[in-house]
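The structure under discussion appears below in the form of structure tokens.
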Amino acid sequence: MVFTVMGVDLAVRAAAVTSISGSENHTPLPGAPPHILGLVANGDRIVALVDLVAFLELPAIDDPGDDPLFHRTLFVRAGDMEAGLRCARARGVRMIDADQLREPTVLQGSRLAPFLESELHGDKIVGVLDLPALLQAAAVL
Amino acid sequence: MTVTPVIFERGVATIRIAGLEVVVDLAAIQRFSDQVGDADLVLAEVLGRDPVGDPSLVSLQHARGQLVLAIHGSIRVATERVASQCHWPAFVAGALRRSCLRGVVRSGTQLAYVLDVEALAARSQSEVPCALD
């Protein structure tokens, strides 16, 4: 599943995505760090909403293509960790072969790099996230 | 995430404070008061909010005695039995523990946090954050 956050295309394995919804109204969570926007109800679950821009310290850009109508929340799960990832746009599921994945060399950022599993090269570079590592680091345990 | 049934036999007090909704088991509440006095804890501070305005004082019964909680917000009491599901999202368990919360329940179309009176009591007696008790 490919999605865009602050102009950066990222992906997680589609099997880790449990659902996608529109931008959620969230309930603030006391004692949470800035990258936790709050809690949202998702079906019968109550899930923390993660701001990847804040967590990955992605630089702000003025993206003329950014439209709040397209903002989405990707609900993901890795082991017993689950969260909603807020993104500017969900690009959809892309079928790829394992040999299309490269070692991450292009996407930079000291906060992003530790969570990049690989890169997908094409018209635009897509960073494939190591979701278990990202959720473990973003969690407030 | 852990989900456990929660039943408030005598009802709940719902506190609205700085955009948050917090529920307390009515069985734990001994007394309400608008009189200014010494409080053991300020709920707004426990929740990381700024206390604004005059507080109400609520005496809460816990396993080892009572504590007086200052509440800077509105309090609504419902005296009927309430049964719900209390969610404990493991992803943010640390934040819930630090704020002396037992978890989160659905409250109409919103979410409300369930106050952990025993954690509050431990915090008031040891003056350390709930998570370190």
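Chains B and D, in that order, give the protein sequences. Under our numbering, the first residue of the first sequence carries the number 8, and numbering increases by one thereafter. Under our numbering, the first residue of the second sequence carries the number 193, and numbering increases by one thereafter. Just so it is clear, CB atoms sit at the ideal spot from N, CA and C, and this is done for glycine as well. Note that this is a predicted model, so its numbers are computed, not measured.
| Check | Outcome |
| --- | --- |
| Three-state secondary structure (DSSP) of D:Val-238 | helix |
| Contacts that D:Val-296 makes with chain B (C-beta to C-beta distance below 9 Å) | Thr-34, Leu-36, Leu-46, Ile-53 |
| Cβ separation of D:Gly-203 and B:Leu-148, assumed to be a contact under 8 Å, to the nearest whole Å | Actually they do not touch by this definition, with Cβ atoms about 33 Å apart. |
| Distance, B:Ala-23 Cα to D:Gly-265 Cα | 40 Å |
| C-beta atoms of D:Ser-251 and D:Gln-222 nearer than 9 Å | yes |
| Within the stretch 195 to 231 of chain D, ranges of the beta strand (DSSP E) (whole runs, at least 3 residues) | 204 to 209, 212 to 217, 221 to 225 |
| Closer than 9 Å to chain D by CB, B:Ala-39 | yes |
| Neighbour flag for D:Phe-200 against chain B, beta carbons, 9 Å | no |
| Contacting positions in the stretch 58 to 84 of chain B - beta carbon closer than 8 Å to chain D | none |
| Within chain D, the residues that B:Val-147 reaches when beta carbons sit closer than 8 Å | Phe-283, Val-284, Ala-285, Gly-286, Ala-287 |
| Contact set between B:Ala-4 and chain D, taken where Cβ atoms lie within less than 7 Å | Here chain B has residues from 8 to 148 only, and residue 4 of chain B is not among them. |
| Proximal residues to B:Glu-31 (C-beta, below 7 Å), its chain only, five neighbours per side dropped | Val-47, Leu-56, Thr-80, Gly-91 |
| Alpha-carbon to alpha-carbon, B:Gly-45 and B:Pro-35 | 4 Å |
| Chain E within 9 Å of D:Ser-318, Cβ atoms only | The structure shown contains no chain E; its protein chains are B and D. |
| B:Phe-10 versus B:Gly-38, B:Val-100, B:Gly-29, residue with shortest Cα-Cα distance | B:Val-100 |
| Whole beta strand (DSSP E) elements within the stretch 96 to 135 of chain B, 3-residue minimum | 96 to 99, 123 to 127 |
| Close-in-space but distant-in-sequence residues of the same chain around D:Val-260 (CB under 6 Å, 5 per side omitted) | Ala-231, Asp-232, Leu-249, Ser-251 |
| Beta-carbon spacing of D:Thr-206, D:Ile-263 below 9 Å | no |
| Cross-chain neighbours of B:Asp-87 in chain D, by beta carbon under 7 Å | Ala-282 |
| Reduced DSSP secondary structure (H/G/I, E/B, other) of D:Ser-316 | helix |
| C-beta neighbour in chain B for D:Val-306, strict 9 Å | no |
| N- and C-terminal bounds of the beta strand (DSSP E) containing D:Ala-262 | 257 to 263 |
| First and last residue of the uninterrupted alpha helix (DSSP H) at B:Phe-62 | 59 to 62 |
| Beta-carbon gap between D:Leu-307 and D:Val-198 smaller than 9 Å | no |
| Cut-off 7 Å between Cβ atoms - residues of its own chain near B:Ala-21, not counting five sequence neighbours on either side | Met-8, Val-100 |
| Whole-angstrom distance between D:Val-238 and D:Ser-276, CA atom to CA atom | 24 Å |
| C-alpha gap between B:Arg-118 and B:Cys-94, whole angstroms | 17 Å |
| Option in B:Ile-53, B:Leu-63, B:Leu-17, B:Asp-16 with minimal Cα separation from D:Met-193 | B:Ile-53 |
| Coil, strand or helix - B:Leu-142 by DSSP | helix |
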